[in-house]
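Heads up: the structure comes next, in structure tokens.
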Amino acid sequence: GVVGWDHDGCIDSDYVCVAQVSDGHCPSGAYCSLLDTGVYGCVASAKKHHHHYKEHQKMSCPSGQESIGVAGWSSDGCVTSGNVCVAETYGDCPSGAHCEWLDTGVYGCKDGAEESTPWEGCSSNEETIGVVGWDHDGCIDSDHVCVAQVSDGDCPSGAYCSLLDTGVYGCVASSKKLL
17 GVVGWDHDGC
27 IDSDYVCVAQ
37 VSDGHCPSGA
47 YCSLLDTGVY
57 GCVASAKKHH
67 HHYKEHQKMS
77 CPSGQESIGV
87 AGWSSDGCVT
97 SGNVCVAETY
107 GDCPSGAHCE
117 WLDTGVYGCK
127 DGAEESTPWE
137 GCSSNEETIG
147 VVGWDHDGCI
157 DSDHVCVAQV
167 SDGDCPSGAY
177 CSLLDTGVYG
187 CVASSKKLL
């Protein structure tokens, strides 16, 4: 992935510009740069020049908040410090953006509301399933899933099958289980 491109670039290298690799290689037409997310990544060379507006502006955020870059935004957003979406941390993003695993191999904030697809993706033989109490979908490979009237159906790891308030069965986060 290259910031500023609407497609991925190709590179033949075992030493790519990503995470903490500040002098790694990038595709032709891109350069290695420290991203606002606090890690290194490839940026379109055209982003260095040809822009008539001021270079990427840092926001001045209220006390207790920090500015953070958001893919698809022309300026930084503000987010409460402490659990920010960056590098290895699936954390918080400014309002109007969501945390996701980026092509660069790290977490970062991206424009738009969170999609209902799972944040880490399911393999081709699995399907997504909603879990009460989780902020993301779970993945399951089963022909006997906990849903509707299936009281003994399967749930993803970390969840169990339970009768929901809606009168049907569904998966609930194990952390919500009443002892």
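Taking our numbering, the leading residue of the sequence shown gets 17, the next gets one more, and so forth.
Cβ atoms here follow ideal geometry from the backbone N, Cα and C, with glycine treated the same way.
Range of the contiguous beta strand (DSSP E) that encloses Trp117: Where Trp117 is concerned, the enclosing beta strand (DSSP E) stretches over Ala113 to Trp117.
Ser191, DSSP secondary structure in three states: Correct three-state label for Ser191: helix.
Terminal residues of the beta strand (DSSP E) in which Gln165 lies: Secondary structure note for Gln165: it is in no beta strand (DSSP E), with a DSSP letter that is neither H nor E.
Reduced DSSP category for Ser79 - H, G, I as helix; E, B as strand; rest coil: Coil, per DSSP.
First and last residue of the uninterrupted beta strand (DSSP E) at Thr96: That run of the beta strand (DSSP E) goes Gly93 to Thr96.
Pro78 burial status per 10 Å Cβ neighbour count (16 or more: buried): By the Cβ-count criterion, Pro78 is exposed, with fewer than 16 other Cβ atoms from all chains shown falling within 10 Å of its own Cβ.
Boundaries of the beta strand (DSSP E) in which Asp127 is found, first to last residue: Unbroken beta strand (DSSP E) run through Asp127: Tyr123 to Asp127.
CB contact flag (Cys94, Gly124, <8 Å): The answer is no: Cβ separation not under 8 Å.
Coil, strand or helix - Ser178 by DSSP: Ser178 carries a strand assignment under DSSP once its states are collapsed to helix, strand and coil.
Opposing strand residues paired with Gly57 [DSSP bridges]: Residue pairing by DSSP puts Gly57 in a beta bridge opposite Ser49.
C-alpha distance - Gln165 paired with Thr182, whole-angstrom precision: So the alpha carbons of these two residues sit roughly 12 Å apart.
Leu118, buried or exposed, once every other Cβ within 10 Å from all chains shown has been counted against 16: Classification of Leu118: buried, given that the 10 Å Cβ count is 16 or more.
Thr133 versus Asp39 - alpha carbon distance: Confidence in Thr133 is poor, its pLDDT being 45 and thus under 50, which makes the residue's placement too unreliable to answer from.
Anticipated Cβ contact below 8 Å, Cys138 with Cys155, distance rounded: About 4 Å separates the beta carbons of Cys138 and Cys155, which is inside the 8 Å limit, making them a contact pair.
Sequence-distant residues of its chain with Cβ nearer than 8 Å to Asn99 (five each side left out): Excluding residues within five positions, the ones whose Cβ falls inside 8 Å are Thr105, Gly107 and Asp108.
For Asp159, the three-state DSSP class (helix, strand or coil): DSSP, reduced to helix, strand and coil, places Asp159 outside both helices and strands of the structure shown, so it counts as coil.
Delimiting residues of the beta strand (DSSP E) encompassing Glu143: Boundaries of the beta strand (DSSP E) around Glu143: Glu143 to Ile145.
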